[in-house]
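**Q**
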Amino acid sequence: MKMLLLRRAVLTAARTSHCRSFSASQSHRKDRKGLVLGVFEKEGEEGSLPLTEAAAGFDQSLSGKLSELLNISGPPLKKGKSRIFYGIHKDFPCVAVVGLGKNNAGVCGAENWDTGRENVRQAISAGCRLLQDLEVNHVEVDGCGDAQSAAEGAILGLFQYDQLKSKKKTKVTPQLHGSADMDGWKKGVVYAEGQNLARLLMEAPANHITPTAFANTIEEKLAPHAERVTIQKRSQAWIEEQQMGAFLSVSKGSEEPPVFLELHYKGAPDSAQAPLLLVGKGITFDSGGISLKPSSSMDAMRADMGGAATVCASIVTAASLRLPVNIIGLAPLCENMPSGKATKPGDVVTAKNGKTIQVDNTDAEGRLILADALCYGHIFNPKAIVNVATLTGAMDVALGSAATGVFTNSDWLWAQLHKASVVTGDRVWRMPLFQHYTRQVTDSQLADLNNIGKYSRSGGACTAAAFLREFVTSPHWAHLDIAGVMSNKDEVPYLGKGMSGRPTRTLVEFAAGLTHHA
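Residues in the sequence shown are numbered consecutively from 1, following UniProt numbering.
(1) Strictly by DSSP, which residues pair up with Ala420?
(2) For the beta strand (DSSP E) containing Lys65, list its first residue and its last residue.
(3) Terminal residues of the continuous alpha helix (DSSP H) containing Leu374?
(4) Per DSSP, what kind of secondary structure is Asp286 in: helix, strand or coil?
(5) Give me the Cα-Cα distance between Ala394 and Phe510, rounded to the nearest whole angstrom.
(6) Please state the DSSP three-state secondary structure of Ile315.
(7) For Ala483, is the classification buried or exposed, using 16 other Cβ atoms within 10 angstroms of its Cβ as the cut-off for buried?
(8) Please report the straight-line C-alpha distance between Cys144 and Asp363, rounded to a whole angstrom.
(9) Which runs of the beta strand (DSSP E) spanning at least 3 residues fall entirely within the stretch 220-280, listed in chain order?
(10) Does Cys108 come out as helix, strand or coil in the three-state DSSP assignment?
(11) What did DSSP end up calling Ala123 once you bin it into helix, strand or coil?
(12) Whose CA, out of Ser125, Arg427 and Lys167, lies closest to the CA of Ala147?
(13) Quick check on DSSP: helix, strand or coil for Cys334?
(14) What residue ranges within the stretch 134-179 form continuous beta strand (DSSP E) runs of no fewer than 3 residues, ordered along the chain?
(15) Going by DSSP, what residue range makes up the alpha helix (DSSP H) through Gly393?
(16) Cys128 to His418, Cα distance in whole Å?
(17) Does the count of Cβ pairs from the stretch 250-260 and the stretch 325-335 closer than 8 Å reach three?
(18) Distance check for Leu323 and Gly513, CA to CA, integer angstroms please.
(19) Between which two residues does the alpha helix (DSSP H) holding Lys90 run?
(20) State yes or no: is the C-beta of Leu37 within less than 8 Å of the C-beta of Val97?
(21) Ends of the beta strand (DSSP E) at Val189?
(22) Straight-line CA distance for Ile290 to Pro345?
(23) Have a look at Met305 and Leu200 and give me their C-alpha separation to the nearest angstrom.
(24) By the three-class DSSP mapping on this structure, what secondary structure does Met298 have?
(25) Using the Cα positions of Tyr86 and Glu68, report the straight-line distance between them to the nearest angstrom.
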């Protein structure tokens, strides 16, 4: 009997000890650290693994254990692929090693981007997501020789819109590991957070991001930069005073009041320096109006304010970076809804510049609100005008999600935008702005212009651009049609599924480049 009691006591103690141990490990798990390291592709069969500088230092601290594990755990890591090791370092229970592709990969003329930078973004995002899936909440990241791109990959890759879900993904805090380029890392974080702000606005449901809520969100984000930024949230009364008949023709079908958001960022040492003018289409929900869209995928039209989201997010980013350039942002914000007050097909409206427009399709509304915003923007005598809009399904058909379509009257402006896109990997592609298309929108039965092309669907993205050109007198103007890049399925590996926030980083890089052309 005594022996039986003794055995029970030992088993109870063992169980208690085991429970305590498990509890301690659970507590430790809540604050686990992970590490993401890079490895390049081998050039030949012989020789050691081409590790990054940080990975080589880590391997050396383990007396070559990392290299040994990489060699015996499978074939060499290909670009974007990853492998994870557990328990090889006391400070990092989980170590993810990611493939960076070829070393010293640079700008690729055929792809129109910097392949090396893109490889870093893709690889680091893959490693960070792998550790996030393991509920690791603090990750140190190898700079891989390009700390800015590594930061962009980490921050963009970890983005998750789960604000409205009860079950959320592990929140991961990434930081730089084993590299002296802290400035590059910080810059990359700001660039990526800017794009994530645009993604947040675009992904949020339309009943959460109304025109008023959009303007309030941007005002809140710019509050820390009040000494360099002024914000005007113009009401419907002001819009009416400005005689923006095209804008009002779109907004009047909705119960939500329109807002004309005006942002002034004064970063240049010379306050009189001509500003860069950014104009973004801000349709916070697009039902198509009386020309109602099909119900399938209409929910995605919550992101039809992608132009305004990327423009405003790029100004928030420019302010965070303290870019020495003056920028003005304009965002006409409204919904496009059907009602008894809505514009009807065949109605004629008058834009701010006095031109009359026959509205044959109320679902071609973006160009109407942009027309008035472009007219208004000229009063600031800008150095250049760039408008951004999810404007036409035809743009998606033409280029898909590979690049933003750019229509411009300026070779200089095109060169600046293209140069910026090569750096960011968020590409642009020049589209035609021929008189051929202008004739198709100026041939209108009832008015000066028609809001759709004479031959309806043919060259739809081009006729939309030609329509906008009728409201521009600046010699340096570009229209960016971002309909094709609005969302991401799996085309850009480091963005994941959802609204993309493109091309925010390209706009920021473009604005930064203008500081050399002041």
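All C-beta atoms, glycine included, are put in the ideal place defined by N, C-alpha and C.
**A** Let me spell this out:
(1) DSSP links Ala420 through a beta bridge to no other residue.
(2) Note, Lys65: premise wrong, no beta strand (DSSP E); alpha helix (DSSP H) at Lys65 to Ile72.
(3) Gly366 to Gly377
(4) strand
(5) 25 Å
(6) In the three-state DSSP reduction, Ile315 falls in the helix class (H, G or I).
(7) buried
(8) 46 Å
(9) Whole beta strand (DSSP E) segments, 3+ residues: 229-234, 259-266 and 276-280.
(10) Three-state DSSP puts Cys108 in a strand.
(11) helix
(12) Ser125
(13) strand
(14) 138-142 and 173-177
(15) Gly393 to Leu399
(16) 29 Å
(17) yes
(18) 10 Å
(19) For Lys90, there is no enclosing alpha helix (DSSP H), as DSSP marks it with neither H nor E.
(20) yes
(21) Per DSSP, Val189 belongs to no beta strand (DSSP E); it is in the alpha helix (DSSP H), Met182 to Glu203.
(22) 7 Å
(23) 12 Å
(24) helix
(25) 14 Å
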